[in-house]
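Just so it is clear: in the sequence shown, position 126 is 273 by the numbering used here, and no numbers are missing. Note that beta-carbon positions come from the ideal geometry of N, C-alpha and C, so glycine has one too. Computed from a predicted model, the values in this text were never measured in an experiment.
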Amino acid sequence: MRRNKAAVLVSMALVGTFLLSGCAAKSSDTLINIDNGKAKITYGYGNFVAKYNQATYDQYYLQYMGQNYWSQSQGSKTMEETVKDNVIDGIEEQYVDKQHAGDYNVKVTSEDKKKIEAAAKKFISKNSSKAIKQMGATESYVKDLLEYETYQARVRNAVEDKASVTVTDDEARQSTISYVCFSTASTTDASGNAKTLTEAEKQDMKKKAENVANASDFDKAAKAAGGNVSTHSYTTNAKSYDSDVLGKDVIKAAKKLTKEGQISDVIYVKNRGYFVLRMDKLTDEKATKSKKKDLTSEKKQKVYEKLVKKWVKQANFKLDKNLWEQVKFEDLFTAKTKNASGNASGSSISK
């Protein structure tokens, strides 16, 4: 459901091979009670999925964030707590996707299962025995995860394909500008020392911007002033531009340009510099078409997310918090120098 969140359950194809050791508790214990005991997710499986995610994070973040990064704060929770919460969300979402697969004629074929089994065997063989123990991995758990991933991807696609959403032309409409920025921001020299522009240098940047704003040939004037011209498309009728990469001050100035080819006055943005804009297309058909496609995809994704949230609520999951507390990201994983992802084709089936 949360595609872009920190701890989304990743494909086996993305994971290399790991080293280390450890474990705890009974693998057969009920971690998540489903529908008053009619089904369950075991501690063993939940622990494996959590440690598998940990291994993936350790591979990418350990060298940059240091050995204590799991205890670092992520708002009101630590990194470990945040990832574990997301792991549980992912397990529950994948479970209900599998349960509702029949509603969308989604199946995992015998051929799929052969690929899954081969990928699971490869995963076990590619990792050290210490890493397997630390991860709590078994061939069965790996196969389960890959099968859940397969159902999730296929059910998501089926739901989104079936979803009926509307994106109006007005909603998607894009305007495109060219812009040049004469920066007044601090820079860093080769020695790593911060360099701040003097007032005279800032005034020089302002003068360059004014020359562009007063010119009849925007591109020629920008080049003569040493500026780099870039283009940017924005949603013409957006309610807010706070999230726009150019910032709301620049886009507000762009919206005042009512004719194509019109050049703006100089716009000063604190800690950034002096901007000058040219309206290229009041309605950019190509950019609008692309935006419409993106918005359609986003709305379809929201349909899926809303439906899965409903399914999860109906499933009546009950997490054993005391048992889950035993899962700790204390022993860290390190990746072998050769990443196995290059030879892991077929290890995750998503379509």
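Just confirm the distance between the C-beta atoms of residue i and residue j, as a whole number of angstroms; I'd bet it's less than 8 angstroms.
i, j, result
"V306", "K446", "The Cβ separation is near 12 angstroms, so there is no contact."
"Y451", "R301", "Not quite, the Cβ-Cβ distance comes to about 12 angstroms (not below 8 angstroms), so this is no contact."
"F270", "S325", "In fact, because the Cβ distance is near 50 angstroms, the residues do not count as touching under 8 angstroms."
"F480", "A278", "7 angstroms"
"T177", "D391", "At roughly 48 angstroms, the Cβ-Cβ gap does not stay under 8 angstroms, so T177 and D391 are not in contact."
"S380", "A434", "4 angstroms"
"L454", "L424", "Between L424 and L454 the Cβ distance is about 42 angstroms, and since that is not below 8 angstroms, they are no contact."
"A371", "F329", "Actually they are not in contact, since the Cβ atoms of A371 and F329 sit about 12 angstroms apart, beyond 8 angstroms."
"F476", "E227", "5 angstroms"
Exposed or buried, which one is residue i when buried takes at least 16 other CB atoms within 10 Å?
i, result
"Q321", "buried"
"N361", "exposed"
"Y190", "buried"
"S168", "A caution first: S168 carries a pLDDT of 40, below 50, which makes its placement in the model too unreliable to give a value."
"S411", "buried"
"E346", "exposed"
"K224", "exposed"
"N340", "exposed"
"G420", "buried"
"T382", "buried"
"N131", "Residue numbering for the chain in the displayed model covers 148 to 498; residue 131 lies beyond these limits and cannot be assessed."
"Y207", "exposed"
"D182", "exposed"
Does DSSP classify residue i as helix, strand or coil?
i, result
"R425", "strand"
"Y313", "Strictly speaking, residue 313 in this sequence is Thr, with Tyr absent from that position. T313 falls in the coil class under three-state DSSP."
"Q214", "coil"
"Y388", "coil"
"K406", "coil"
"G420", "strand"
"G489", "Low confidence applies to G489: its pLDDT is 39, below 50, so where it sits in the model is not reliable, and the reading given next is rough at best. It is helical."
"Q141", "Examination of residue 141 is not possible in this model, given that the chain is present from 148 through 498 alone."
"F270", "helix"
"T203", "helix"
"L393", "coil"
"Q321", "strand"
"Q299", "helix"
"Q221", "strand"
"G180", "What sits at residue 180 in the sequence shown is Asn, not Gly. Here N180 sits in strand by DSSP."
"V230", "helix"
Compute the Euclidean distance between the alpha carbons of residue i and residue j, then round it to the nearest angstrom.
i, j, result
"A267", "Y288", "9 angstroms"
"W458", "K261", "29 angstroms"
"A332", "Y415", "12 angstroms"
"N180", "F464", "6 angstroms"
"A172", "T335", "52 angstroms"
"T229", "G374", "44 angstroms"
"S175", "A197", "16 angstroms"
"A368", "V359", "5 angstroms"
"K440", "Q210", "38 angstroms"
"S220", "Q214", "14 angstroms"
"A482", "K354", "53 angstroms"
"K428", "G408", "8 angstroms"
"I398", "S377", "14 angstroms"
"K460", "T430", "43 angstroms"
"N252", "T297", "14 angstroms"
"I235", "T323", "43 angstroms"
Mind checking whether residue i and residue j have CB atoms under 8 angstroms apart?
i, j, result
"G193", "I238", "yes"
"W471", "K231", "yes"
"Q241", "Q201", "no"
"A462", "M426", "no"
"E294", "V243", "no"
"L442", "A319", "yes"
"N384", "D317", "yes"
"K290", "E264", "yes"
"Q246", "D478", "no"
Please determine whether the Cβ atom of residue i lies at a distance below 7 angstroms from any heavy atom of the ligand SAH.
i, result
"E407", "For the structure depicted, the ligand SAH is absent and the ligand set is empty, with no information on it obtainable."
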